[in-house]
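So the protein lines, in turn, are chains A and B.
Position in the first sequence (first residue = 1) + 70 = this note's numbering.
Position in the second sequence (first residue = 1) + 70 = this note's numbering.
Written out below as C-alpha cells is the structure these notes cover.
Protein chains: 2
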Amino acid sequence: MKVTCPVAMMNKGSYNTQSFTNENFVKLEELMYEQQVQRGEKIYWEGNDCNHLYYLKSGAVKLTKSSDEGKDLVLYHFQAGDLFGEIGDDSHVLNSFSAEAMTDCSLGVIQQKDLETILWQNGDLAVEFMKWMGYMQRFTQTKLRDLMFFGKHGALASTLIRIANTYGIEEGNTIRMTTKFTNTEIADLIGATRETVNRMLNQLKKDNIIAYENGTIMIKDLEQLKAICHCEGCPKNICRL
Amino acid sequence: MKVTCPVAMMNKGSYNTQSFTNENFVKLEELMYEQQVQRGEKIYWEGNDCNHLYYLKSGAVKLTKSSDEGKDLVLYHFQAGDLFGEIGDDSHVLNSFSAEAMTDCSLGVIQQKDLETILWQNGDLAVEFMKWMGYMQRFTQTKLRDLMFFGKHGALASTLIRIANTYGIEEGNTIRMTTKFTNTEIADLIGATRETVNRMLNQLKKDNIIAYENGTIMIKDLEQLKAICHCEGCPKNICRL
DNA sequence: GGCGAGGTGTGATGTTTATCACACCTGAAT
DNA sequence: ATTCAGGTGTGATAAACATCACACCTCGCC
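As C-alpha cells, this is what we get:
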C-alpha cells in the first residue's frame with residue numbers, strides 16, 4: 071500500500087497560500103491530480119479556456135504575456151507552495167496570460183468544477199479562497215503601480231526589492247539573492263529592454279546600491295532602492311515577484 | 071409601511087455583477103446599508119484598512135492611486151450596478167487604491183464580516199462571488215497589458231475602445247459617447263500627460279479615426295483603433311473602464 | 001584546446017514622451 | 001458685460017528609453 075504524505079505538511083509555507091488553514095488546504099489537495107512539466111514547457115496558453123487551478127509542488131513557473139512581435143512581459147513568478155491559475159465564469163472565458171515552467175515542475179491540478187463543488191460544500195474554504203483571490207488582486211495592483219509610476223528606474227528598484235523578498239537572504243547589512251537573474255529576465259519583468267536594464271544596473275553598482283558576487287546580485291543599500299521606487303512599505307507577502 | 075423595491079430588480083444590469091443570479095444578489099443586498107456620498111468625496115482611502123465591499127446604486131466612482139507628486143492614475147470607473155472594494159485577510163490589510171465619487175452617489179455598503187458569514191452559509195453565492203473576483207482580476211490584468219504593451223498611443227486607443235464599450239451607443243458606423251471626457255481625465259486613465267493626450271487625439275481627428283461633436287468623442291473607425299492597440303477582441307464585459 | 005551559444009557592456013543615434021511656456025477659448029458666476 | 005476658472009492647442013526643449021551595432025567575455029561541450 072502506498073503512503074502519500076500530504077503536500078500540505080511539506081511545503082505549504084508560501085505566502086501565496088497562507089490564506090489557507092492546513093485542514094482546508096488538505097481538502098484542496100484531495101482534488102488535485104499530479105502533472106509533471108519540463109523546463110520551458112507551457113502549462114497553459116493565453117487564449118485557451120481557463121478552467122484549472124494549479125498548485126506548484128516543486129519547481130518554478132512564470133506567468134507571461136507575449137506581444138505579437140516577440141516582446142515578453144512577465145507578471146508573476148511562482149515557487150513551490152504557490153497556487154495559481156485563472157478563474158472563469160461558465161461563458162468560455164480565456165486566459166489572458168500564459169504559464170511557463172522555468173524549471174522542471176511538479177504540479178497539482180484542480181479542475182474548476184471540482185473546486186466549485188468543494189467551495190459550495192465548505193464555507194470555511196470558500197471564505198479562505200476568497201481571501202486568496204483578494205491577495206492575488208492586490209498583488210497585481212501593486213505591480214501595476216510599480217510599473218507605471220516612477221519610470222523604468224522605479225520599476226527596476228521595486229523589482230529588485232521584490233526579488234530580494236522572494237529569493238533573498240539577509241547577511242548583516244546586505245541581502246544576497248539565492249538565484250541568478252539575467253538582464254533579459256529582469257527586463258521582461260519590468261517591460262524594458264536588456265540594454266536599459268544593463269545600464270541601470272551598472273549605475274546602481276557605481277552608486278554602491280547593489281553589488282555582484284559570482285553572478286548573483288546583492289543589495290547593499292535597501293533604503294536607497296526604496297527611495298527610488300517611493301516604496302510604500304507593503305507587506306512582504308505582497309511585495310514579491 | 072414602507073415598501074422597498076430590491077435594487078436587484080432595478081439596475082443589476084452591469085456586466086460587473088453579471089456573475090450573480092438575482093436570487094443570490096438579493097442575499098447580498100440584504101447585507102447592505104445605505105451610504106450617500108457627494109461628488110468629489112472619497113469613499114475609501116489608499117492606506118486605510120480594507121474591510122468593506124460597495125455596491126454602486128447610482129452615480130459614478132473612480133478608483134485612483136496618487137503619487138506623492140500629485141500624479142493620478144485611474145484604474146477603474148464604476149457605474150450604477152457595479153460592485154467594488156478590496157478583500158483582505160484578517161491581518162490588517164490596506165487598500166492599495168482610493169475610491170472617489172465622480173458624481174453624487176448612492177451606495178450599498180457590505181461589511182466584510184457579513185460577507186464572510188453569508189458566503190460561509192451559502193455555497194451558491196460563494197461560487198458566484200469567486201467568479202466575480204476572477205472577473206475583476208482578469209480586468210486588472212488586461213488593463214496592465216494595455217498600458218504596458220503599445221506605448222501611449224496603444225494605451226489611448228484601448229482606452230477609447232473601453233470608453234466606447236462603457237459609455238458609447240452605436241449610430242450606424244460610428245459610436246457616440248454619452249459622456250464627456252476632458253484630456254486630463256483621459257491622461258489619468260493611461261498614465262500620460264494632458265499635452266500628450268491632446269496631441270494624440272488631434273492626430274486621430276486628422277486621420278478621421280475619431281471626431282468631436284459638441285464636446286463628446288465619436289469613434290469613426292473602430293478597426294483602426296483596434297489595430298493601434300493590437301486588440302485581441304476581449305469580450306466587452308472585460309474591455310471597459 | 002577550440003567552438004559556439006548565450007550573456008554582458010557600451011557608444012551612437014532616433015523615437016517617444018514629459019516639461020515648460022503661453023495663447024486662446026468657453027461658460028458659469030458676479 | 002466682465003471676470004475668472006478650467007479647459008484646449010501648440011511650439012520649443014529636454015529627458016527617458018529603445019534600437020542598432022559591435023566587441024568581448026564566459027562556460028559547457030566536442
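Note that beta-carbon positions come from the ideal geometry of N, C-alpha and C, so glycine has one too.
Residue-level contact by beta carbon fails for B:D277 and chain A, as no gap is shorter than 8 Å. Between A:K290 and A:T244, the alpha-carbon positions lie close to 5 Å from each other. Assignment of alpha helix (DSSP H) within the segment 167-212 of chain B, counting only whole runs of 4 or more residues, yields 182-191 in chain order. Contact annotation, B:Q211 with A:T210: C-beta distance approximately 6 Å; criterion of less than 8 Å satisfied. For A:F148, the uninterrupted beta strand (DSSP E) run begins and ends at D142 to F148, by DSSP. With a threshold of 8 Å between beta carbons, A:G193 makes contact with chain B. Where A:G238 is concerned, there is no enclosing alpha helix (DSSP H), although the beta strand (DSSP E) around it starts and stops at G238 to E241. Judged by DSSP in its simplified three-state form, A:M218 adopts helix. In chain order, D174, C175, S176 and L177 place their CB closer than 8 Å to the CB of A:Q106, counting only its own chain and leaving out the 5 sequence neighbours on each side. The C-beta distance from A:R310 to A:N235 rounds to 5 Å, short enough to fall under 8 Å. Taken atom to atom, the span from the alpha-carbon of B:Y124 to that of A:Y282 is near 48 Å.
Taking every protein chain shown into account, the CB of B:E240 has fewer than 16 other CB atoms within 10 angstroms, so this residue is exposed. Under the Cβ distance rule, B:H147 does not count among the residues neighbouring chain A, no pair being separated by less than 8 Å. When DSSP states are grouped into helix, strand and coil, B:T252 belongs to the coil group.
One alpha carbon belongs to B:A171, the other to B:L164, and they sit about 20 Å apart.
About 5 Å separates the Cβ atoms of B:D258 and B:V144, confirming a contact at the 8 Å cut-off. Here the alpha carbons of A:G238 and B:A150 stand approximately 46 Å from one another. Residue A:S161 holds the alpha-carbon nearest to the alpha-carbon of B:P305 among A:L271, A:S161 and A:N268. Residue contact with chain A for B:G158: present (Cβ-Cβ distance below 8 Å to some residue of chain A). Within chain A, the residues M218 have their CB atoms less than 7 Å from the CB of B:G261, given in chain order. The alpha carbon of B:S166 has as its nearest neighbour, out of B:V197, B:R208 and B:D119, the alpha carbon of B:D119. Residue pairing by DSSP puts A:A281 in a beta bridge opposite A:M288. For A:D142, same chain residues with a beta-carbon under 8 Å away, outside a window of 5 residues either side, are T134, K135, S136 and D258 in chain order.
B:F95 sits in a helix when the DSSP states are folded into three classes.
Your pair B:I231 and A:K201 does not check out as a contact, with CB atoms roughly 33 Å apart and the cut at 8 Å. Bounds of the alpha helix (DSSP H) holding B:K275 are R264 to K276. For B:Q105, the secondary structure class from DSSP, reduced to helix, strand or coil, is strand.
In this structure, A:T286 sits away from A:I256, with a CB-CB distance that is not shorter than 8 Å. Within the segment 109-141 of chain A, the residues whose Cβ lies closer than 7 Å to any Cβ of chain B are, in chain order, K135, S137 and D138. B:E100 is the residue among B:E100, B:H223 and B:I298 whose C-alpha sits nearest the C-alpha of B:D184.
Distance from the CA atom of B:A262 to the CA atom of B:L226, rounded to whole angstroms, is 9 Å. Distance from the CA of B:A169 to the CA of A:N86, rounded to the nearest whole angstrom, comes to 26 Å. Counting C-beta atoms within 10 angstroms of its own C-beta, A:N121 has 16 or more neighbours from the protein chains shown and is therefore classed as buried.
Following the DSSP letters along the chain, one finds B:L133 inside the beta strand (DSSP E) bounded by residues V131 to S136.
If you draw a straight line from the Cα of B:D152 to the Cα of A:S84, it is about 33 Å long. Judged by DSSP secondary structure, B:L123 falls within the beta strand (DSSP E) whose first and last residues are H122 to S128.
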